[in-house]
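*Asks:* Take this structure, written in structure tokens, and hold onto it; I'll ask about it next.
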Amino acid sequence: KAKTLLHRLTTAQRGPPLAATAGTLLGRLAKVTLDTASQITRLDQMSAQDSGYAASRYELCLLLHRRWQEIGSSRVAASDYAIRLERETKIMMDVSGITSPQKARVCLLVADVTLNSREKKPAIADQYLARADVLFDSLDEQSRSTLLPEYHFRRYQWARVASPADADGPAA
Numbered sequence: 050k051a052k053t054l055l056h057r058l059t060t061a062q063r064g065p066p067l068a069a070t071a072g073t074l075l076g077r078l079a080k081v082t083l084d085t086a087s088q089i090t091r092l093d094q095m096s097a098q099d100s101g102y103a104a105s106r107y108e109l110c111l112l113l114h115r116r117w118q119e120i121g122s123s124r125v126a127a128s129d130y131a132i133r134l135e136r137e138t139k140i141m142m143d144v145s146g147i148t149s150p151q152k153a154r155v156c157l158l159v160a161d162v163t164l165n166s167r168e169k170k171p172a173i174a175d176q177y178l179a180r181a182d183v184l185f186d187s188l189d190e191q192s193r194s195t196l197l198p199e200y201h202f203r204r205y206q207w208a209r210v211a212s213p214a215d216a217d218g219p220a221a
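Next comes the structure, spelled out in structure tokens:
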């Protein structure tokens, strides 16, 4: 949506300053998008023997989620990133060197993707939310307080998707 709006502003007869600003912002947006895709490619190429492998798996999951958001959750292309995020999260859960807060964070990202994608998957979201719930027991107070609001929000989303008629409570 942002790209479309900025492109319209660059071609509209709104005056050179606005068109120039829109062109600059369009260029920055393209750079950020390109950077995310190229970072994903770079991290995808790391092997398990590399010293930063654990950190790269976590960063890859964060970038896959960001790319899913950039594309737009309802678009078909976003489903590729959603599938990859789920696959990479399964791998990341077994990598030593990943902390419990990192694992919990990525579980919440998978829940976000599975609940807000074009094709909703509440059963998978529930599995990852249950994993996050278990991980919360091992978190320090600061990590727990940082992640808990998002956890509750994802549980609320899950309830709305899993049983839409019952999610808002009794009808008034």
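Numbers given in the numbering used here equal positions in the sequence shown, counted from 1, plus 49.
From the three backbone atoms N, C-alpha and C, an ideal C-beta is built for every residue, glycine too.
1. What is the C-beta distance between ARG116 and ALA160, in whole angstroms, given that I count them as a contact (C-beta under 8 Å)?
2. Going by beta-carbon coordinates alone, are SER212 and GLU168 separated by less than 8 Å?
3. Do LEU109 and ILE132 count as a contact pair if the criterion is CB distance below 8 Å?
4. Report all residues from its chain with a CB closer than 7 Å to the CB of SER166; omit the five preceding and five following residues, and keep chain order.
5. Specify the secondary structure class of MET141 as computed by DSSP and reduced to three states.
6. Here's the rule: buried if 16 or more other CB atoms are within 10 angstroms of the residue's CB, otherwise exposed. What is HIS114?
7. Leaving aside the five residues before and after PHE6 along the sequence, list all residues of the same chain whose C-beta is less than 8 Å from its C-beta, in chain order.
8. Can you tell me where the alpha helix (DSSP H) with ARG203 in it begins and where it stops?
9. Of all the alpha helix (DSSP H) runs that stay within the bounds of the segment 84-132, which reach a length of 4 or more residues?
10. Short check: CB of MET141 to CB of ARG106, under 8 Å?
*Replies:* In short:
1. That pair is no contact at about 17 Å.
2. no
3. no
4. SER122, ALA127, SER128 and ALA131
5. helix
6. buried
7. No information on residue 6 is available, as it lies outside the stretch 50 to 221 that the chain covers here.
8. 190-211
9. 102-120
10. yes
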